[in-house]
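Position one of the sequence shown corresponds to residue 7 (my numbering), numbered consecutively onward. The beta carbon of each residue, even a glycine, is placed where N, CA and C say it ideally should be. Here the structure is laid out as structure tokens; the discussion comes afterwards.
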Amino acid sequence: MTEGIPANLLAEQRAVEAQIREAFHGISRVGGISWSESDVVDNCGSEAELAAANAQDTERCWEDLIDDPNWDVDGGFGGFSFLDPIGFAYYIAPAMVRSCRNGGGEPIVHALTVNERFQKKLVSRLSARQAQTIARFVRLMIAIHKSANGETYGDAWQVAYQMYWRQWGTGDPLIG
7 MTEGIPANLL AEQRAVEAQI REAFHGISRV GGISWSESDV VDNCGSEAEL AAANAQDTER
67 CWEDLIDDPN WDVDGGFGGF SFLDPIGFAY YIAPAMVRSC RNGGGEPIVH ALTVNERFQK
127 KLVSRLSARQ AQTIARFVRL MIAIHKSANG ETYGDAWQVA YQMYWRQWGT GDPLIG
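As structure tokens, this is what we get:
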């Protein structure tokens, strides 16, 4: 599925997805906040509510979430801002795969706009390879949105890249 991806970016889209799968292979959310728990954290829930929410997230690995119609990365509650560094590293990978397949990604661009100490803590568990992969993903998203005349979050992707991910970039072939 590559709706919304210009034909001239399809090869890069496939390469970015492969790099995400390689860089995040084997990452676990054990010991971290799960996606359902992030809703509870957002609502200041109890320990019992956190445990019940954690039990709802039964996927075996992050790859299971990519095509899971029940995983709502665009939900209005919880999400990336309410994860810990373990959960962030785990959930950002399937969210990036989905976004590079369909060209969307509003919640992801906000999650990847690292400009405060809190956000820097969220990305603190990422390896250099994972950070480089995210930088490449962000460059792809800039190119996708630039091809649509900057519509739908094009500027936001550029801000995210310039504020943090540029330091991990290994070149900017897609954005000049």
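| Item | Value |
| --- | --- |
| Nearest-angstrom Cα separation, counted from residue 43 out to residue 150 | 32 Å |
| Check whether residue 40 and residue 24 have beta carbons under 9 Å apart | no |
| Rounded distance between the beta-carbons of residue 100 and residue 71, thought under 8 Å | 4 Å |
| Classification of residue 17 by the beta-carbon crowding that lies within 10 angstroms, buried from 16 upward | exposed |
| Opening and closing residue of the alpha helix (DSSP H) in which residue 81 lies | Unbroken run through residue 81: none, as it is neither H nor E. |
| Pair within 9 Å by beta-carbon distance, residue 111 and residue 169 | no |
| Outcome for residue 80 when other beta-carbon atoms lying within 10 angstroms are tallied against a minimum of 16 | exposed |
| Straight-line gap, residue 125 to residue 13 (C-alpha atoms, nearest Å) | 34 Å |
| C-beta atoms of residue 108 and residue 10 nearer than 9 Å | yes |
| C-alpha distance - residue 135 paired with residue 85, whole-angstrom precision | 24 Å |
| Boundaries of the alpha helix (DSSP H) in which residue 105 is found, first to last residue | 91-108 |
| Residue 60 in three-state terms, based on DSSP | helix |
| DSSP state of residue 170 mapped onto helix, strand, coil | coil |
| Option nearest residue 166 by Cα separation, candidates 61, 117, 102 | 117 |
| Residue 36 classed as buried or exposed, judged by whether at least 16 other C-beta atoms fall within 10 angstroms | exposed |
| Reduced DSSP category for residue 73 - H, G, I as helix; E, B as strand; rest coil | coil |
| Secondary structure of residue 144, DSSP reduced to three states | helix |
| Given residue 171 as reference, the closest of 62, 153, 130, 154 once Cα atoms are compared | 130 |
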